[in-house]
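Asks: I have a structure here, written as structure tokens, and I will follow up with some questions on it.
2 protein chains.
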Amino acid sequence: MVIALDAMGGEQAPDMVVNGASIALLRFPQAEFLFYGVESRIRPLLDKLPKLAEHAVIHHTDEFVTDDAKPSVALRGARRSSMRLAIDAVAAGEADCVVSAGNTGALMAMAKFVLKMIPGIDRPAIASFMPTLRSESVMLDLGANIGCDSENLVQFALLGDVFARTVLGVTQPVVGLLNVGSEDMKGNDAVRGAALRLRGPGAPVRFHGFIEGDDIAQGTVDVVVTDGFTGNIALKTIEGTAKLYSSFLRAAFRNSLMARLGYLFANRALGKLRNRMDPRRYNGAVFLGIQGICVKSHGSTDALGFANAIGVACDMEQNGFLDKLHEEIQQMSALPDAADKTAASGARP
Amino acid sequence: MVIALDAMGGEQAPDMVVNGASIALLRFPQAEFLFYGVESRIRPLLDKLPKLAEHAVIHHTDEFVTDDAKPSVALRGARRSSMRLAIDAVAAGEADCVVSAGNTGALMAMAKFVLKMIPGIDRPAIASFMPTLRSESVMLDLGANIGCDSENLVQFALLGDVFARTVLGVTQPVVGLLNVGSEDMKGNDAVRGAALRLRGPGAPVRFHGFIEGDDIAQGTVDVVVTDGFTGNIALKTIEGTAKLYSSFLRAAFRNSLMARLGYLFANRALGKLRNRMDPRRYNGAVFLGIQGICVKSHGSTDALGFANAIGVACDMEQNGFLDKLHEEIQQMSALPDAADKTAASGARP
Chain A
96 MVIALDAMGG
106 EQAPDMVVNG
116 ASIALLRFPQ
126 AEFLFYGVES
136 RIRPLLDKLP
146 KLAEHAVIHH
156 TDEFVTDDAK
166 PSVALRGARR
176 SSMRLAIDAV
186 AAGEADCVVS
196 AGNTGALMAM
206 AKFVLKMIPG
216 IDRPAIASFM
226 PTLRSESVML
236 DLGANIGCDS
246 ENLVQFALLG
256 DVFARTVLGV
266 TQPVVGLLNV
276 GSEDMKGNDA
286 VRGAALRLRG
296 PGAPVRFHGF
306 IEGDDIAQGT
316 VDVVVTDGFT
326 GNIALKTIEG
336 TAKLYSSFLR
346 AAFRNSLMAR
356 LGYLFANRAL
366 GKLRNRMDPR
376 RYNGAVFLGI
386 QGICVKSHGS
396 TDALGFANAI
406 GVACDMEQNG
416 FLDKLHEEIQ
426 QMSALPDAAD
436 KTAASGARP
Chain B
96 MVIALDAMGG
106 EQAPDMVVNG
116 ASIALLRFPQ
126 AEFLFYGVES
136 RIRPLLDKLP
146 KLAEHAVIHH
156 TDEFVTDDAK
166 PSVALRGARR
176 SSMRLAIDAV
186 AAGEADCVVS
196 AGNTGALMAM
206 AKFVLKMIPG
216 IDRPAIASFM
226 PTLRSESVML
236 DLGANIGCDS
246 ENLVQFALLG
256 DVFARTVLGV
266 TQPVVGLLNV
276 GSEDMKGNDA
286 VRGAALRLRG
296 PGAPVRFHGF
306 IEGDDIAQGT
316 VDVVVTDGFT
326 GNIALKTIEG
336 TAKLYSSFLR
346 AAFRNSLMAR
356 LGYLFANRAL
366 GKLRNRMDPR
376 RYNGAVFLGI
386 QGICVKSHGS
396 TDALGFANAI
406 GVACDMEQNG
416 FLDKLHEEIQ
426 QMSALPDAAD
436 KTAASGARP
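Those protein sequence lines, which keep their order, are chains A and B.
All residue numbers for the first sequence refer to our numbering, where the first residue is 96 and numbers rise by one.
All residue numbers for the second sequence refer to our numbering, where the first residue is 96 and numbers rise by one.
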């Protein structure tokens, strides 16, 4: 398994990228890493990690995509950037997947342009894991598409289903559509139309129906489907609320001597809580719908978080995500009604 | 101050309504309560609360709106229901405000029909308080309007601004528009159009710009403006995440003997945390834009939560919410550009 890494993306790059690869190697001892970036900065880091160095090749480039670069500008201009070269490696068959902690918009634009969309899928979606009361779930789209029609949402349902099966290991994932209520008449045209199709005969997934915001954390479904506007806001609302809660918790423990004492006793158990809510654990947003495996790490993560993003890419590759997705799309296309839609979408530029 | 109460709305009604009024009376000793509902069920509860009984009048009716009633059906059919009679009391000038824990859709439909919209406001919005790192903020719309255009969002900004000033006591509230990023080009047409108007000359509020989901809990702004689809999902996502966190926290404290001991020491301090995140504290969603004060309590709340909902209604009444809102709308109408819009919206059926 060969993983192309944008060594220059992310706040703590390239250190965090190299150290992240080193941690990922413990879980995937067969992995080979291609580092794209400034050799004089990557080499000294590899010199300190001889185990990793045996599994690493550096592809030097001075160029990289800045965080404030416009996607369209990066796409046209940054053809020798660390990000672009890492994606090119996947297109050329030199790598199985690519991971970057750089500019999200640029990464999406480049991945879409270089790797192309999967026939039958109109638009890519960003997906990520979420902690839930039951275990973990997948949510998409987290911001790639601001406006979505019902066909987009149905396709996201299929993408999320295959992702949950291959990476979360859920045999028959249950899919829910995020809405403002569970009744049929609730919501906008897009969610109502998508629900009709997902409830219909030959639906590609096991459909639970509409779910509400509190169902995300409850783990009511394995796959939460929504448009990129709502999904992005829901994701960041979860992050903000978790921070608020932990800030209130810290304040409570500082409140009195008794509380501080209590903290000392409970510290180890609270570590488990911290671990369960640790954003690094859920790091690694996946671009689904593209003909290739492309994972976006949080820009501000550390080596452990980056290693988790690499882990998501490796899981997708090892468990045959792309093959399973192709199979599913072919099965859907075999249905008389869906076949027209796939053909139509395939004809779009 | 006279408060009309739908004594039959909510899971624990009428007990929770009567006991809630009794708690609210401690904060508002001048309040008078009109209870609408089944007298034979309300009377025995009042008999146990002689202080409240002195401030209470029961208006008997056998009818009430069920939770699964369609708003349109309730509006046409339930004209003698406890909910409708309580709203009628405000329209007739017999009460200053109305509070109900019943069917949200029916309450909104009835309040809009009976009390009418404020001229210059096209659509009502549901607003509520949110806990933040700084203190509290207001968020709207929480579900009254699934689709919103930029004019709706601008009006919500004004409603939220006056609400924050009169009820939260913020002198110059800062208003933010919920979006998927802070840059000008982010988001859909509605938020971009609203931002243009709120940044323009003669804008009715102090506009911060776009905010993201994590800014809600951070307290970046005093008023969070969004459409009802996103707002409802964000609100319930906050509730769900808070529940997840507290469930993980409880599990951590049960994890070992040491942790249980720690809990004993920290228990009192943790009570403060529980209090800060207590949903009852933020109970009371307000229908803004209607010519009257109408507060919706959570259906599953208890007496303390219901008392808080009554408190929100009383604060709005005491601090002259409706008068201040009328003033603001007149000032806006005086602006040449806004005057056309107000006239146009006033002409709609």
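C-beta atoms are modelled at their ideal positions from N, C-alpha and C, and glycine is treated no differently.
Give a yes or no on whether 8 angstroms exceeds the smallest Cβ distance from A:I311 to chain B.
Replies: Reading the first sequence from its first residue, position 216 is the one you call residue 311 of chain A. It does; some Cβ of chain B falls within 8 angstroms.
Asks: Taking the alpha carbon of A:G406 as the point to measure from, which residue in A:P139, A:V193, A:A151 has its own alpha carbon closest?
Replies: Taking the first residue of the first sequence as position 1, residue 406 of chain A is located at position 311. When each option's Cα is compared against that of A:G406, the closest is A:V193.
Asks: Counting beta carbon pairs with one atom in the stretch 418-427 of chain B and one in the stretch 119-138 of chain B, are three or more of them shorter than 8 angstroms?
Replies: These segments do not touch.
Asks: For A:V133, which of helix, strand or coil comes out of DSSP?
Replies: Indexing the first sequence from 1 puts residue 133 of chain A at position 38. Correct three-state label for A:V133: coil.
Asks: Between which residues of its own chain and B:I118 is the CB-CB distance below 7 angstroms, once the five residues before and five after are set aside?
Replies: In the second sequence, counting from the first residue as 1, residue 118 of chain B sits at position 23. Once the five neighbours on either side are set aside, the close Cβ partners of B:I118 are A398, L399, A402.
Asks: Please confirm whether B:G335 and A:D309 have their CB atoms less than 8 angstroms apart.
Replies: Numbered from its first residue, the second sequence carries residue 335 of chain B at position 240. Numbered from its first residue, the first sequence carries residue 309 of chain A at position 214. Yes, these two residues count as a Cβ contact at 8 angstroms.
Asks: Name the chain A residues whose beta carbon is nearer than 8 angstroms to that of B:L170?
Replies: On the second sequence, position 75 is the one that residue 170 of chain B refers to. Within 8 angstroms Cβ-Cβ: nothing; B:L170 doesn't reach chain A, min ~16 angstroms.
Asks: If I follow the unbroken alpha helix (DSSP H) through A:L368, where does it start and stop?
Replies: If you number the first sequence from 1, residue 368 of chain A lands on position 273. 352-372 is the extent of the alpha helix (DSSP H) around A:L368.
Asks: Would you mind listing the alpha helix (DSSP H) stretches within the stretch 119-184 of chain B that are 4+ residues and don't spill past its ends, in chain order?
Replies: Counting only runs of 4 or more, we get 134-142, 145-148, 166-172.
Asks: Just the C-alpha distance for B:V249 and B:R292, rounded to the nearest angstrom, thanks.
Replies: Residue numbering aside, residue 249 of chain B sits at position 154 when the second sequence is read from its first letter. Residue numbering aside, residue 292 of chain B sits at position 197 when the second sequence is read from its first letter. Looking at the two C-alpha atoms, the distance is approximately 7 angstroms.
Asks: Take B:M212 and list the residues in its own chain whose beta-carbon comes closer than 8 angstroms to its own, dropping the five residues that flank it on each side.
Replies: Here residue 212 of chain B refers to the residue found at position 117 of the second sequence. Only R218, P219, G384, I385, Q386 meet the Cβ criterion.
Asks: Using the rule of at least 16 other Cβ atoms within 10 Å of the residue's Cβ for burial, across every protein chain shown, is B:P145 buried or exposed?
Replies: Start at 1 with the first residue of the second sequence, and residue 145 of chain B comes out as number 50. When all chains shown are included, B:P145 counts as exposed.
Asks: Output, in sequence order along the chain, the residues in the stretch 352-365 of chain B whose CB is closer than 8 angstroms to any CB in chain A.
Replies: Cβ contacts with chain A come from M353, A354, L356, G357, Y358, L359, F360, A361, N362, R363, A364, L365.
Asks: How many whole angstroms separate the CB atoms of A:F305 and A:G264, which I take to be in contact at a CB cut-off of 8 angstroms?
Replies: Sequence index remark: in the first sequence, residue 305 of chain A carries index 210 (1-based). Sequence index remark: in the first sequence, residue 264 of chain A carries index 169 (1-based). About 26 angstroms separates the two Cβ atoms, so there is no contact after all.
Asks: For the alpha helix (DSSP H) containing B:C40, name the first residue and the last one.
Replies: For chain B, the structure presents residues 96 to 444; residue 40 of chain B sits outside this window and is missing.
Asks: Residue range of the beta strand (DSSP E) that A:G271 falls in?
Replies: On the first sequence, position 176 is the one that residue 271 of chain A refers to. Its beta strand (DSSP E) spans residues 269-273.
Asks: List the endpoints of the continuous alpha helix (DSSP H) containing B:E231.
Replies: For the purposes of this step, residue 231 of chain B is taken as residue 136 along the second sequence, with counting starting at 1. Not the alpha helix (DSSP H): B:E231 falls in the beta strand (DSSP E), residues 231-235.
Asks: Is the number of C-beta pairs between the stretch 354-363 of chain B and the stretch 350-367 of chain A that are closer than 8 angstroms three or more?
Replies: Yes: at least three Cβ pairs fall under 8 angstroms.
Asks: Where A:P268 and B:L235 are concerned, what is the direct C-alpha to C-alpha distance, given to the nearest angstrom?
Replies: Walking along the first sequence from the start, residue 268 of chain A turns up at place 173. Walking along the second sequence from the start, residue 235 of chain B turns up at place 140. Rounded to whole angstroms, A:P268 to B:L235 spans 34 angstroms at the Cα level.
Asks: Can you tell me which of A:H150, A:E189, A:D317 puts its alpha carbon nearest to the alpha carbon of A:T266?
Replies: One-based indexing of the first sequence puts residue 266 of chain A at position 171. When each option's Cα is compared against that of A:T266, the closest is A:D317.
Asks: Does B:R44 pass the burial test, meaning 16 or more other C-beta atoms within 10 Å, or should it be called exposed?
Replies: In this structure chain B extends from 96 to 444, so residue 44 of chain B is not present and cannot be described.
Asks: Among the residues of its own chain, which have a CB less than 8 angstroms from the CB of B:I388, if the five just before and after it don't count?
Replies: Within the second sequence, numbered from 1, the residue matching residue 388 of chain B stands at position 293. Hits under 8 angstroms: V185, D191, C192, V193, V381, A408, M411, E412, F416, L417.
Asks: Of all the options B:T156, B:V133, B:V113, B:V160, which has the alpha carbon lying nearest to the alpha carbon of B:L141?
Replies: Numbered from 1 along the second sequence, position 46 holds the residue referred to as residue 141 of chain B. Of B:T156, B:V133, B:V113, B:V160, the residue nearest in Cα terms is B:V113.
Asks: Buried or exposed: which applies to A:A433, given that a residue is buried once 16 or more other Cβ atoms fall within 10 Å of its Cβ?
Replies: Your numbering for residue 433 of chain A matches position 338 in the first sequence. At A:A433 the pLDDT is 46, less than 50, meaning the model places this residue with poor confidence; the figure from the coordinates comes in the next sentence. Looking at its Cβ environment, which holds 16 or more other Cβ atoms inside 10 Å, A:A433 is buried.
Asks: Give the straight-line distance between the Cα atoms of A:L254 and A:G394, rounded to the nearest whole angstrom.
Replies: In the first sequence, the residue the question calls residue 254 of chain A occupies position 159. In the first sequence, the residue the question calls residue 394 of chain A occupies position 299. In a straight line, the C-alpha of A:L254 is about 24 angstroms away from that of A:G394.
Asks: Output, in chain order, the set of chain B residues within a Cβ distance shorter than 8 angstroms of A:T325.
Replies: Translated into the one-based positions of the first sequence, residue 325 of chain A becomes position 230. Those are F324, T325, I328, listed as they occur along chain B.
Asks: Look up A:H421 in the DSSP assignment and say whether it is helix, strand or coil.
Replies: Start at 1 with the first residue of the first sequence, and residue 421 of chain A comes out as number 326. Three-state result, A:H421: helix.
Asks: Between which two residues does the beta strand (DSSP E) holding B:G304 run?
Replies: Residue mapping note: residue 304 of chain B aligns to position 209 of the second sequence, counting from 1. 301-306 is the extent of the beta strand (DSSP E) around B:G304.
Asks: Using a Cβ-Cβ cut-off of 8 angstroms, state whether A:P226 counts as contacting chain B.
Replies: On the first sequence, position 131 is the one that residue 226 of chain A refers to. For A:P226, the answer is yes, since a Cβ of chain B falls inside 8 angstroms of its Cβ.
Asks: What in chain A is Cβ-close to B:S342, meaning under 8 angstroms?
Replies: Locating residue 342 of chain B in the second sequence gives position 247, where the first residue counts as 1. Simply L228.
Asks: Report the rounded CA-to-CA distance for A:V160 versus A:H154, giving the unit in angstroms.
Replies: Taking the first residue of the first sequence as position 1, residue 160 of chain A is located at position 65. Taking the first residue of the first sequence as position 1, residue 154 of chain A is located at position 59. Distance between the alpha carbons of A:V160 and A:H154: 16 angstroms.
Asks: Answer with buried or exposed for B:L352, where buried requires no fewer than 16 other C-beta atoms within 10 angstroms of its C-beta.
Replies: Here residue 352 of chain B refers to the residue found at position 257 of the second sequence. With fewer than 16 Cβ atoms within 10 Å of its Cβ, B:L352 is classed as exposed.
Asks: Identify which residue in A:R287, A:R260, A:F208 has its Cα closest to the Cα of A:V300.
Replies: On the first sequence, residue 300 of chain A is found 205 positions in, with the first residue counted as 1. Nearest of A:R287, A:R260, A:F208 to A:V300, Cα basis: A:R260.
Asks: 8 angstroms is my cut-off, CB to CB: does A:G282 come that close to chain B?
Replies: By one-based count along the first sequence, residue 282 of chain A stands at place 187. Yes, because at least one Cβ of chain B sits closer than 8 angstroms to the Cβ of A:G282.
Asks: If we count the other Cβ atoms within 10 Å of its Cβ and call it buried at 16 or more, is B:R179 buried or exposed?
Replies: The sequence position of residue 179 of chain B within the second sequence is 84, counting from 1. With 16 or more other Cβ atoms within 10 Å, it is buried.
Asks: Do the CB positions of A:F324 and B:N283 come within less than 8 angstroms of each other?
Replies: The count along the first sequence starts at 1 and reaches residue 324 of chain A at position 229. The count along the second sequence starts at 1 and reaches residue 283 of chain B at position 188. Contact flag set, yes.
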